[in-house]
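Asker: Got a structure here, written out as structure tokens. Questions coming.
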Amino acid sequence: AGSKITLMELLGHSARRLGSSSEAPETGMSLWRAIPALVLGYSTLLNGLIAALFKMEIGMSLLGKNRKLGTIPSWSYVLFFPFHVPTLLYTDIHTMLGTQKIEKDGKTTREKVPVASEVQPGWYVGGCHSNRLNKDWAGVIDLTVEFPESCINNTKSYLSIPTWDGVPATPEQLEEAANYAVAASQQGGDILVHCAHGRGRSTTVMCACLVKAGLFKNWEEAFDKGIKPQRPVCKLNRRMKQNLALWQAEFVDGKKGQ
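Numbering of the sequence shown is given in my numbering, commencing with residue 4 and proceeding in unit increments.
In structure tokens form, the structure reads like this:
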């Protein structure tokens with residue numbers, strides 16, 4: 004009887020070992036299956052948070068961009084990869100494939116959108132890939148929070164005014180940018196104002212710059228006559244127009260006669 008009990012104990016011990024060894028792979032497989040769900044959940048939460056910050060027009064420092072050097076730290080790409088990866092991919096594709104309508108001699112054609120356009124002599128509006136022009140600049144105004152500055156080694160000076168995509172600079176920031184641009188231009192050389200695609204944020208600031216430089220009397224004229232004809236994709240949303248009107252009233256019209 005003793006020998007039978009010993010045999011049964013041995014068989015039971017072996018069965019338990021086999022059971023535990025078969026459970027381990029199942030646990031590992033469960034963890035691997037959980038990873039995509041965790042990544043998806045994190046991506047949803049992060050992009051929801053950033054969308055809320057867009058709406059509230061706050062949190063521009065979240066991604067950690069260095070305003071003096073225009074760099075974005077490695078930890079930002081790791082921690083915020085669900086935002087950075089699609090943003091970088093979309094912008095690259097948009098830069099490669101984006102087109103604009105050109106009207107000439109009564110005909111309308113579509114042409115590739117330049118990485119930057121000279122809207123007035125010495126004044127350029129562009130996107131984050133403006134470095135592809137291979138130009139040297141007297142000054143660069145960077146409106147992005149989401150991209151490192153690609154022209155930092157080809158400019159005499161640099162001004163970072165970080166704003167989310169579609170969010171305009173404040174009237175005070177518009178005044179700061181316009182004063183900077185005029186001063187840099189007077190040192191000799193061209194001025195670049197850029198955002199991600201060279202459409203909205205950069206156009207808003209360029210309107211203020213052209214007025215401050217004395218090229219146009221108001222931001223509406225600067226947009227309609229000074230920018231839009233040379234870069235048809237440029238546009239201003241409601242908030243951009245609102246901030247430009249506030250800037251014009253306070254820093255241009257409000258100072259006349261002083």
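Don't be surprised by glycine CBs; every beta carbon is placed ideally from N, CA and C.
Can you tell me whether DSSP reads V81 as helix, strand or coil?
Answerer: Against the sequence shown, residue 81 aligns to sequence position 78. If DSSP states are grouped into helix, strand and coil, V81 belongs with the helices.
Asker: Which runs of the beta strand (DSSP E) spanning at least 3 residues fall entirely within the stretch 76 to 160, listed in chain order?
Answerer: Fully enclosed beta strand (DSSP E) runs of 3 or longer: 102 to 107, 110 to 115, 119 to 123, 126 to 129, 142 to 147.
Asker: Identify whether S163 lies in helix, strand or coil by the three-state DSSP scheme.
Answerer: Working through the sequence shown from its first residue, we reach residue 163 at position 160. Residue state, collapsed to three classes: strand.
Asker: Report the residue ranges of all alpha helix (DSSP H) runs contained in full by the stretch 195 to 223; include only those spanning at least 4 residues, in chain order.
Answerer: The stretch 195 to 223 contains these whole alpha helix (DSSP H) runs: 204 to 215.
Asker: State yes or no: is the beta carbon of R135 nearer than 9 Å to at least one beta carbon in chain B?
Answerer: Here chain B cannot be found, since the structure has a single protein chain.
Asker: Let's test the definition: count the other Cβ atoms within 10 Å of the Cβ of D108 and tell me whether it reaches 16, buried, or not, exposed.
Answerer: Position 105 of the sequence shown, counted from the first residue, corresponds to residue 108. D108 is exposed by the Cβ-count criterion.
Asker: Going by beta carbon distance, what residues of the same chain come within less than 6 Å of H132, once the five residues before and after it are set aside?
Answerer: In the sequence shown, residue 132 corresponds to position 129, counting from 1. So the qualifying residues of the chain are T98, V118.
Asker: Report buried or exposed for T111, applying the criterion of at least 16 other Cβ atoms within 10 angstroms of its Cβ.
Answerer: Looking up residue 111 in the sequence shown gives position 108. Counting Cβ neighbours within 10 Å, T111 comes out exposed, since fewer than 16 surround it.
Asker: Determine, using beta-carbon pairs with one atom in the stretch 164 to 181 and one in the stretch 118 to 127, whether at least three such pairs fall under 8 Å.
Answerer: No, they do not touch.
Asker: What is the C-beta distance between R234 and V122, in whole angstroms, given that I count them as a contact (C-beta under 8 Å)?
Answerer: Translated into the one-based positions of the sequence shown, residue 234 becomes position 231. Translated into the one-based positions of the sequence shown, residue 122 becomes position 119. Rounded, the Cβ-Cβ distance is 6 Å, consistent with contact.
Asker: Please work out which residues of its chain come closer than 6 Å, Cβ to Cβ, to F254, disregarding the five sequence neighbours upstream and downstream, and give them in chain order.
Answerer: By 1-based counting over the sequence shown, the position of residue 254 is 251. Result list for F254: E178, in chain order.
Asker: Output needed for R202: all residues of its chain with C-beta closer than 7 Å, excluding positions within five of it in sequence on either side, in chain order.
Answerer: For this step, residue 202 is matched to residue 199 along the sequence shown. Within the same chain, R202 has close Cβ partners V236, C237, K238.
Asker: Do L195 and V143 have their C-beta atoms closer together than 9 Å?
Answerer: Here residue 195 refers to the residue found at position 192 when the sequence shown is read from its first residue. Here residue 143 refers to the residue found at position 140 when the sequence shown is read from its first residue. Contact: yes.
Asker: Write down the C-beta distance between A141 and Q190 rounded to the nearest angstrom, noting that I regard them as a contact closer than 8 Å.
Answerer: Here residue 141 corresponds to residue number 138 of the sequence shown, with the count starting at 1. Here residue 190 corresponds to residue number 187 of the sequence shown, with the count starting at 1. That belief holds up - the Cβ atoms of A141 and Q190 are roughly 6 Å apart, short of 8 Å.
Asker: Rounded to whole angstroms, what's the CA-CA distance from V170 to M209? Just pull it up for me.
Answerer: Stepping through the sequence shown from its first residue, residue 170 is reached at position 167. Stepping through the sequence shown from its first residue, residue 209 is reached at position 206. Rounded to whole angstroms, V170 to M209 spans 15 Å at the Cα level.
Asker: Can you tell me whether Q176 is buried or exposed? The criterion is at least 16 other CB atoms within 10 Å of its CB, across all chains shown.
Answerer: Within the sequence shown, residue 176 is the residue found at index 173, counting from 1. Counting Cβ neighbours within 10 Å, Q176 comes out buried, since at least 16 surround it.
Asker: What first and last residue would you give for the alpha helix (DSSP H) that runs through Q189?
Answerer: Here residue 189 corresponds to residue number 186 of the sequence shown, with the count starting at 1. Unbroken alpha helix (DSSP H) run through Q189: 174 to 189.
Asker: Could you give the distance in angstroms between the alpha-carbon of A180 and the alpha-carbon of A172?
Answerer: To locate residue 180, count along the sequence shown from 1; it is residue 177. To locate residue 172, count along the sequence shown from 1; it is residue 169. One C-alpha to the other measures close to 9 Å.
Asker: For the alpha helix (DSSP H) containing A248, list its first residue and its last residue.
Answerer: The residue you call residue 248 lines up with position 245 of the sequence shown. Unbroken alpha helix (DSSP H) run through A248: 241 to 250.
Asker: Out of curiosity, what's the CA-to-CA distance linking L100 and G257?
Answerer: Indexing the sequence shown from 1 puts residue 100 at position 97. Indexing the sequence shown from 1 puts residue 257 at position 254. Using only the alpha carbons, I get a separation of about 43 Å.
Asker: Please report the distance separating the alpha-carbon of D2 from that of E152.
Answerer: The structure shown does not extend to residue 2, since the chain is modelled only from 4 to 261, so the question has no answer here.
Asker: In this structure, how does DSSP classify P39 when only helix, strand and coil are distinguished?
Answerer: For the purposes of this step, residue 39 is identified with residue 36 of the sequence shown, where counting begins at 1. Three-state result, P39: helix.
Asker: So the candidates are D139, K159, L56, G217; which of them puts its Cα closest to the Cα of K71?
Answerer: In the sequence shown, residue 71 corresponds to position 68, counting from 1. Considering only alpha carbons, the answer is K159.
Asker: Should L34 go down as buried or exposed, given a rule of 16 or more other Cβ atoms within 10 Å for buried?
Answerer: One-based indexing of the sequence shown puts residue 34 at position 31. Label assigned to L34: exposed.
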